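Trainee: Quick one: the structure is below, and I'll ask about it shortly.
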Amino acid sequence: VWFLLSVISFALFLAIGKRRSERTLMEKGAEQHRETLLHYPPALLDTLTTMFATSAWLTYALFAFQQPLISINPNVLEFLGDSSLSFGLPFTELGEAKYMMMTVPVVIYGVMRYLYAIYEKREGESPEKVLLTDTPLLASVVLWLVMVIFINYYLGG
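Structural data, given as structure tokens:
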């Protein structure tokens with residue numbers, strides 16, 4: 005359920021961010037943009053952007069915190085020897101390591117970087133273009149993907 009809510013929140017965040025960027029661009033030349041954008045007050049778009057940005061990373065964090073414990077692959081333990089994989093990892097109240105929790109800061113950084121692209125760089129009108137041209141945002145997405153694959157397929161193998 006949390007993952008579904010996270011995906012919905014990210015989709016709405018991207019959609020509202022796109023409208024916010026289009027509205028910002030419209031101020032420069034209103035004749036080149038759709039008339040329906042006039043019905044979106046900037047204050048409302050800012051509020052919705054903030055709301056869905058927060059909802060996106062928060063629902064993802066709840067998803068990550070709810071993930072079941074991963075029993076570490078014996079080959080990984082053998083490779084590491086006596087060193088523990090739990091050093092520096094987030095623990096639950098019961099002292100159990102939840103490895104997916106390590107991906108939450110990367111997701112928060114990605115959301116903040118996209119907000120930066122919307123408000124400072126004024127580039128949110130094309131989310132796919134922002135993703136492919138903004139190197140720090142692309143790096144955070146790649147890092148998140150590598151972490152998820154490593155946690156689920158290598159550690160949990």
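Using the numbering used here, read the sequence shown as starting at 5 and increasing by one per residue.
Quick reminder that beta carbons are idealized off the backbone N, C-alpha and C, glycines included.
Since this is a predicted model, take the numbers as computed values, not measurements.
1) Leu62 and Arg23 - do their beta-carbons sit closer together than 8 Å?
2) Please name the residue in Pro72, Thr139 and Glu127 whose C-alpha comes closest to that of Gly160.
3) Within 10 angstroms of its Cβ, does Val115 collect 16 or more other Cβ (buried), or is it exposed?
4) Specify whether the region 116-123 and the region 140-155 touch according to this definition: at least 3 beta carbon pairs, one from each stretch, less than 8 Å apart.
5) Given this structure, state the Cα-to-Cα distance separating Ala19 from Glu26, to the nearest angstrom.
6) May I ask which residues mark the beginning and end of the alpha helix (DSSP H) holding Thr51?
Mentor: Well, looking at it:
1) Position 19 of the sequence shown, counted from the start, is the residue given in the question as residue 23. Position 58 of the sequence shown, counted from the start, is the residue given in the question as residue 62. Not closer than 8 Å, so no.
2) As a first step, residue 160 is located in the sequence shown; it is residue number 156 there, counting from the start. When each option's Cα is compared against that of Gly160, the closest is Pro72.
3) The residue labelled residue 115 in the question sits at position 111 within the sequence shown. With 16 or more other Cβ atoms within 10 Å, it is buried.
4) yes
5) Walking along the sequence shown from the start, residue 19 turns up at place 15. Walking along the sequence shown from the start, residue 26 turns up at place 22. When rounded, the distance between both Cα atoms is 11 Å.
6) As a working mapping, residue 51 is identified with position 47 in the sequence shown. Per DSSP, Thr51 belongs to the alpha helix (DSSP H) from Pro46 to Gln70.
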